[in-house]
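Step one of this worksheet: look at the structure below.
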Amino acid sequence: MMTTPEPLPADLAEAHAMILAERAGRLAAEAEAAIAKQTKRVLDLELERLKLEIARLRRQRFGTSSERSARLEQLELALTELQETVAQADAAVELRAAERSPTPARSAATPRKPARRRLPEHLPRTRVVYPAPATCPLQPLTAAIEAHVRAAARIHADETPVPVLAKGKTKEGRLWTVVRDDRPFGGPHLDGTGPPAAVFFYSPDRSGVHAERFLAGWTGIMQADAFSGFGRLYKTDRRPGPITEAGCWAHGRRGFFELAELQQGPIAIEAVKRIDALFAIEREINGASAEQRVAARGERSRPLILDLEAWLRDQYARLSAKSKTAKAIDYLLKRWTAFTRFLDDGRVCLSNNAAERALRGIAVGRRNWTFAGSDEGGRRAAAMYTLIETAKLNGIDPRAWLASVLARLPGHPTSRIHELLPWNWQAPEPISTAA
13 MMTTPEPLPA DLAEAHAMIL AERAGRLAAE AEAAIAKQTK RVLDLELERL KLEIARLRRQ
73 RFGTSSERSA RLEQLELALT ELQETVAQAD AAVELRAAER SPTPARSAAT PRKPARRRLP
133 EHLPRTRVVY PAPATCPLQP LTAAIEAHVR AAARIHADET PVPVLAKGKT KEGRLWTVVR
193 DDRPFGGPHL DGTGPPAAVF FYSPDRSGVH AERFLAGWTG IMQADAFSGF GRLYKTDRRP
253 GPITEAGCWA HGRRGFFELA ELQQGPIAIE AVKRIDALFA IEREINGASA EQRVAARGER
313 SRPLILDLEA WLRDQYARLS AKSKTAKAID YLLKRWTAFT RFLDDGRVCL SNNAAERALR
373 GIAVGRRNWT FAGSDEGGRR AAAMYTLIET AKLNGIDPRA WLASVLARLP GHPTSRIHEL
433 LPWNWQAPEP ISTAA
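So for the sequence shown, this note's numbering puts the first residue at 13; every next one is plus one.
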């Protein structure tokens with residue numbers, strides 16, 4: 013089909029300027045496309061490496077089955093995140109290719125789309141503004157869950173990155189979670205006063221000031237990794253008092269486990285076996301009372317810990333401080349008080365897995381929703397994750413629960429909002445259709 017070319021400028025200087033502008037645009041687009049392709053190649057290689065690592069780990073005979081499962085879960089999460097990044101890189105390459113393609117000339121036979129004309133000025137006009145709601149109907153529930161979590165004597169905390177749409181690009185925000193879960197020590201959930209719950213909050217960056225603000229006024233035991241942003245929470249001059257740090261042995265073991273897999277180093281393998289022995293004891297006493305857990309740990313875990321510390325210090329003295337094995341040992345020894353706190357308090361868990369499990373939904377979901385539309389969108393996402401994850405922790409179907417409470421909230425007294433929380437909620441009786 014014959015097409016009508018776009019008219020060229022009659023003036024020679026204008027024609028030269030047009031050619032130079034188009035050439036500059038084409039060169040810039042080609043450069044960006046080359047960078048995008050190179051980035052995608054690197055990501056593809058990393059993706060293949062992770063797939064091979066997962067396949068190899070499934071065949072790996074080293075380590076306990078629980079440790080292999082934990083490592084597989086971590087790698088599969090990383091694989092999911094990388095697949096999302098590769099998809100974004102694919103989209104970037106396609107976009108750059110489209111920018112380099114010349115704009116097709118419009119066919120002479122293609123009719124122009126009619127432009128809508130302005131309404132005549134003499135017609136009457138009425139402006140109707142629908143204001144955005146000041147609060148979410150579910151806000152009382154998220155506030156009640158937050159209050160319940162803050163009432164705990166021991167919590168888990170962690171954070172994860174979340175892409176946030178910004179002007180012309182995406183930036184990296186943060187979703188934080190604080191989890192209350194007393195079930196490992198047969199906690200007060202048995203009498204209905206302390207069921208598990210998870211509260212999430214959003215921040216535009218990873219600064220520790222956000223954790224300080226959220227946990228302002230709270231004291232107790234916090235299980236977390238060694239994130240430096242939590243450091244101010246443990247200071248003795250904090251008001252109303254310092255938070256007590258409890259280390260995560262899953263993080264402490266991870267450095268050794270990776271070395272044992274990749275290098276088959278004898279020190280790393282021995283460290284993993286010694287730490288696994290602690291986890292084996294914990295599996296046996298899971299769900300026992302705090303007093304029973306302390307007694308079992310004193311009898312069985314404390315001798316292992318004393319032996320492990322002496323062995324780690326002896327190995328560290330023989331190694332170069334710059335070696336990866338020495339760094340893995342140093343990670344533990346520098347935080348030994350936090351790592352051994354579980355020996356004297358039966359409420360303390362050996363790992364921070366409760367918080368990591370709560371964040372799993374975000375890591376998996378990012379592949380579907382890609383990014384938050386704004387900082388406000390990040391805050392809304394945090395509220396929804398608070399509701400959904402708390403329902404799941406209590407064995408409640410989030411969809412059924414939310415549908416029920418949304419219908420009941422408008423006429424429900426605020427003073428009785430606790431009746432609608434997942435651990436108190438009763439599913440409505442099905443309507444009988446029998447004659």
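Ideal Cβ positions, reconstructed from N, Cα and C, are used throughout, including at glycine.
In this structure, what does DSSP give as the bridge partners for residue i?
i: alanine 178; result: Lys181
i: leucine 187; result: Thr172, Tyr214
i: alanine 333; result: Per DSSP, none; premise fails for alanine 333.
i: glutamine 50; result: Per DSSP, none; premise fails for glutamine 50.
i: isoleucine 233; result: Arg166, Thr256
i: alanine 292; result: BP columns for alanine 292 are empty, so no partner.
i: alanine 384; result: Val176
Quick one: residues in its chain with C-beta nearer than 8 Å to the C-beta of residue i, no 5 flanking neighbours on either side, listed in chain order?
i: glycine 253; result: Thr231
i: leucine 24; result: none
i: serine 240; result: Gly220
Using the Cβ count rule (16 or more neighbours within 10 Å means buried), how would you classify residue i?
i: proline 207; result: buried
i: tyrosine 397; result: buried
i: isoleucine 47; result: exposed
i: glutamine 235; result: buried
i: glycine 264; result: buried
i: threonine 352; result: buried
i: proline 175; result: buried
i: leucine 344; result: buried
i: alanine 322; result: exposed
i: threonine 138; result: exposed
i: leucine 371; result: buried
i: isoleucine 287; result: buried
i: isoleucine 233; result: buried
i: alanine 127; result: exposed
i: leucine 318; result: exposed
i: serine 313; result: buried
i: glycine 267; result: buried
i: alanine 340; result: buried
i: leucine 245; result: buried
i: alanine 333; result: exposed
Kindly give me the distance between the Cβ atoms of residue i and residue j, rounded to whole angstroms, as I take these residues to be in contact under 8 Å.
i: asparagine 364; j: histidine 160; result: That belief does not hold up - the Cβ atoms of asparagine 364 and histidine 160 are roughly 20 Å apart, past 8 Å.
i: alanine 384; j: alanine 393; result: 6 Å
i: valine 417; j: leucine 432; result: 5 Å
i: alanine 350; j: glycine 259; result: 4 Å
i: glycine 390; j: leucine 187; result: 7 Å
i: leucine 362; j: glutamate 294; result: 5 Å
In three-state terms, what does DSSP make of residue i?
i: serine 7; result: There is simply no residue 7 to check, as the chain begins at 13 and stops at 447 in what is shown.
i: glutamate 171; result: strand
i: isoleucine 341; result: helix
i: glutamate 303; result: helix
i: threonine 349; result: helix
i: glutamine 438; result: coil
i: isoleucine 279; result: helix
i: glutamate 158; result: helix
i: arginine 192; result: strand
i: glutamate 26; result: helix
i: threonine 398; result: helix
i: glutamate 133; result: coil
i: threonine 138; result: coil
i: threonine 256; result: strand
i: alanine 228; result: coil
i: alanine 209; result: strand
i: alanine 127; result: coil
i: proline 425; result: coil
i: serine 313; result: helix
i: aspartate 319; result: helix
i: isoleucine 66; result: helix
i: proline 239; result: According to the sequence as given, residue 239 is phenylalanine; it is not proline. Of the three classes helix, strand and coil, the one that applies to phenylalanine 239 here is coil, per DSSP.
Might you give, ordered along the chain, the residues of its own chain that have their beta carbon closer than 7 Å to the beta carbon of residue i, omitting 5 neighbours on each side?
i: threonine 154; result: Ala395, Thr398, Leu399
i: leucine 414; result: Leu399
i: threonine 337; result: Leu271, Gly277, Ile279, Ala280, Leu331
i: glutamate 303; result: Gly358
i: proline 173; result: Glu184, Arg186
i: glutamate 401; result: Ala210, Ala370, Gly373
Output needed for residue i: all residues of its chain with C-beta closer than 6 Å, excluding positions within five of it in sequence on either side, in chain order.
i: proline 216; result: Gly185, Asp387
i: aspartate 193; result: Pro208, Ala366
i: valine 190; result: Val161, Ile167, Ala169, Val211
i: serine 301; result: Gly198
i: alanine 43; result: none
i: glycine 299; result: Gly198
i: phenylalanine 226; result: Phe213
i: arginine 325; result: none
i: phenylalanine 269; result: Val284
If we cut at 8 Å on Cβ distances, does residue i have a partner in chain D?
i: aspartate 249; result: Among the chains in the structure shown there is no chain D, since it carries only a single protein chain.
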